[in-house]
Amino acid sequence: MDILYNADIIVVGAGPAGISAAISAVRLGKKVVLIDRAKYPGSKNMYGGAVYSEALKQIFDEKTLETLPYERIINSNTWSFLNDTGSFDLTYNNSSSKSAYAIKRFNFERWMIDQAKKEGVYYVPNTLVVDLLDDNGYVVGVQTELEKYYSRVVILADGVNSFLAGKLGLRKEFVPKDMILSVKETFKLDKKTIEERFRLKSDLSNGVAKMYFGGLKEVKNIFMMTYFYTFKDTLMLGVGVSLEDLKRNRLNINEVLDEIKEHPDIKALIKDAYPVEYSAHLIPETGYKKMPKLTANGVIIAGDAAGFINSVHFEGTNFALISGKLAGETAASINDFDYSGWNLSQYRKKLEKTFIMKDLYSYRNIIENLSKRSGSLSYYYPKKIKEFFEIITSANCISKSSQIRKFSFSFLRDRNITELLKDITTFIKCGIDIFFGK
Amino acid sequence: MDDKTKKNSKSIQDKLATIKYNCDNKSHITINQNKCSKCKEKVCTFICPANVYKFDETANEVVAQYENCLECGACRISCPKQAIDWHFPASGCGIILKNS
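Quick mapping for you: the protein sequence lines, in order, are chains A and B.
All residue numbers for the first sequence refer to the working numbering, where the first residue is 25 and numbers rise by one.
All residue numbers for the second sequence refer to the working numbering, where the first residue is 19 and numbers rise by one.
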């Protein structure tokens, strides 16, 4: 078939991976079309709350980055274990750090698309790609609801549900275990109150991120994390729960969100703030072990569509930006018109040299292992932390030695000893995976 | 419906009221009722963060209020019978997030 190509490269999906791919390809002199189903940039997109500057620096120069419409720099991180009445926190502050930005996706994607358009990317919003076009086993373009667009390579950056990769048979069908479901509420609160409450400067040069473990009273065996970010005049509070755990417990995630909002620590964060938006998103946990085939004839997959995230550290946008960049560069640097999957598989080799494949490998078992011990993490240890701090803070007129002895032995008495051994081996396994990772 | 479910349903309704949609007049969700009739778990009726799915006792079928969909995709993956054909809404339709 003689094909009249509309572009060298078509990118499906205008999130951080797709836009980054489009920009990287256009810079190498290719004609690039970026197609997105949303009417407005970023209006379908949702995330925890941070875009990381190192990844941005690898794509944009300093002068361009000065125009980034961020709301606050996130440079205070707290990890907190919630028990029924209180919490144990670890906070790390670094007021000079500029490694993470709180940005609303509606602003971030619009900004990125503006840059892409300036560099020559042809952006087509409001357009759903329903299928891929095939010619002799090669993907040669996309079928939108209205028309066909032909290109030599199609980059799939269509997000976590990655329908198109599924259609091509590049990945296995998803099961609940592969996904974390997350819901988030955005709350409005005036800027000054946010700055007073979280002791932030008014020049937006600092902001806080908090991650919470535990905090549920009734359900004790689900793997969940709660996250919180300060924006300029909004706050974001969300929870993530394994889809498998929700299914098994016949639990709706909004119940989890509402219950966590009743915890005194969380209540204090969002006091007097009123809700302005509610959103939901899946987080891929397919990771290294269930990674899709990343390239096929005429196709490359990037970002969430490939399951590129590290949920332990709330990293996703950096994986998307850099994998998109490598996908765009790979597609654009093919000169001999050989767009076979074999030739495009340089993409995977490039990924293997970066943190993306290395971290995915090192963390390949972590979430699976930790979620097996979810009862310990979200319920038992927060409770034990509470007991320990009650001993050292309550001045209860009982000898310290006897209390600490009793507390130490309680680890053996509270539960079946095998539970403790399972926890220990899990933590050692996780440690070994990371220490001896790539 | 028990009290807990009622309370949650009200809470979801309040949250959904904060969201802007550009509604399509055609549903992007197709349900295979034959499969649903054999399904005991009815996972869709509790898993959806927007409470899109309800079981209509009189009609004996699962109905989807697709207009409220948050476009996460949890329903499709957690359906034990693969009875939910969930796709993205048509071009430009569906949820419009501005603060997420």
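For every residue, glycine included, the Cβ atom is placed at its ideal position computed from N, Cα and C.
> Cα separation between V199 (chain A) and Y173 (chain A)?
Replying inline: 32 Å
> N107 (chain A): buried (16+ other C-beta within 10 angstroms of its C-beta) or exposed?
Replying inline: buried
>> Only counting the same chain, and skipping five residues up and downstream in sequence, which positions put a Cβ closer than 6 Å to that of F338 (chain A)?
In response: So the list reads G72, once near-sequence residues are dropped.
> V81 (chain B) CB to nearest chain A CB: under 8 Å?
Replying inline: no
> If you draw a straight line from the alpha carbon of Y298 (chain A) to that of Y403 (chain A), how long is it in whole angstroms?
Replying inline: 29 Å
> Which residues in chain A sit within 8 Å of I95 (chain B), going by Cβ to Cβ distance?
Replying inline: What I95 (chain B) touches in chain A, judged by beta-carbon distance under 8 Å, is F198, V199, P200, D202, M203, L267, L306, going in chain order.
> Any idea what DSSP makes of Q100 (chain B), helix, strand or coil?
Replying inline: coil
> Which residue from B:F106, B:F64, B:Y84 puts its Cα closest to that of K22 (chain B)?
Replying inline: B:F64
> Closest by CA to N359 (chain A), which one among A:A38, A:A49, A:L28, A:R129?
Replying inline: A:A49
> Smallest Cα separation from S175 (chain A): which of A:S386, A:V56, A:D457, A:S104?
Replying inline: A:V56
> Looking at C-alpha atoms only, which residue of B:I95, B:K116, B:M19, B:A108 is the closest neighbour of E268 (chain A)?
Replying inline: B:I95
> Comparing the C-beta of C90 (chain B) with each C-beta of chain A, is any distance below 8 Å?
Replying inline: yes
> What is the rounded straight-line gap between the Cα of L466 (chain A) and the Cα of S226 (chain A)?
Replying inline: Outside the displayed span of chain A (25 to 462) sits residue 466 (chain A), for which this structure offers no information.
> Can you name, in chain order, every residue of its own chain whose Cβ lies under 7 Å from the Cβ of A181 (chain A), other than the five neighbours on each side?
Replying inline: Its chain contains V35, V36, G37, G39, A41, G42, A45, A326, G327, A329, G348 as the residues whose beta carbon lies nearer than 7 Å to that of A181 (chain A), once the 5 sequence neighbours on both sides are disregarded; these appear in chain order.
>> Taking the straight line between their C-alpha atoms, what separation do you get for S118 (chain B) and V177 (chain A)?
In response: Roughly 31 Å separates the two Cα atoms.
> Which bits of chain A does T48 (chain B) rub up against, with CB to CB less than 8 Å?
Replying inline: None at all; the shortest Cβ gap to chain A is about 14 Å.
> Among A:V184, A:F460, A:K244, A:K424, which one has its Cα closest to the Cα of E283 (chain A)?
Replying inline: A:K244
> Ends of the alpha helix (DSSP H) at I391 (chain A)?
Replying inline: DSSP places I391 (chain A) inside the alpha helix (DSSP H), whose first and last residues are 390-396.
> A108 (chain B) versus chain A: which residues are under 9 Å apart at the beta carbon?
Replying inline: R61, L152, E169
> In chain B, what lies closer than 8 Å to R129 (chain A) by C-beta?
Replying inline: L115, S118
>> Against chain A, with Cβ distances strictly below 8 Å, would K56 (chain B) count as a contact?
In response: no
> Using the beta-carbon of each residue, which ones in chain A are nearer than 7 Å to S29 (chain B)?
Replying inline: N278, D282
> Whose Cβ in chain A lies nearer than 7 Å to the Cβ of V61 (chain B)?
Replying inline: K271
> Does DSSP put D159 (chain A) in a helix, a strand or coil?
Replying inline: strand
> Using the C-alpha atoms, what's the distance from P65 (chain A) back to E209 (chain A)?
Replying inline: 20 Å
>> With a threshold of 8 Å between beta carbons, is E301 (chain A) in contact with chain B?
In response: yes
> D269 (chain A) lies in the alpha helix (DSSP H); which residues open and close that run?
Replying inline: Under the DSSP assignment, D269 (chain A) falls in the alpha helix (DSSP H) whose first and last residues are 267-272.
> Contact check, L228 (chain A) vs R96 (chain A) under 8 Å by CB: the rounded distance?
Replying inline: Going by Cβ atoms, the distance from L228 (chain A) to R96 (chain A) rounds to 5 Å, so yes, they are a contact pair.
>> DSSP has Q167 (chain A) in a bridge; who is on the other side?
In response: For Q167 (chain A), which the question treats as bridged, DSSP gives the partners A:D155, A:K172.
> Counting pairs of beta carbons, one from the stretch 84-101 of chain A and one from the stretch 231-244 of chain A, are three or more of them closer than 8 Å?
Replying inline: yes
> According to the Cβ coordinates, are M203 (chain A) and E309 (chain A) closer than 8 Å?
Replying inline: yes
>> Just to make sure I have the definition right: I need the residues of chain B whose C-beta is within less than 9 Å of the C-beta of N69 (chain A). Which are they?
In response: L115, S118
> Are C97 (chain B) and A68 (chain B) touching if we call contact CB-CB under 8 Å?
Replying inline: No; because the gap between Cβ atoms is not below 8 Å, this pair is not in contact.
> Name the DSSP beta bridge partners of M248 (chain A), please?
Replying inline: A:V265
>> My parser needs the alpha helix (DSSP H) runs of 4 or more residues fully inside the stretch 313-391 of chain A; what are they?
In response: 341-356, 365-368, 370-376, 379-386
>> Once DSSP output is grouped into helix, strand and coil, what is the label at R96 (chain A)?
In response: If DSSP states are grouped into helix, strand and coil, R96 (chain A) belongs with the strands.
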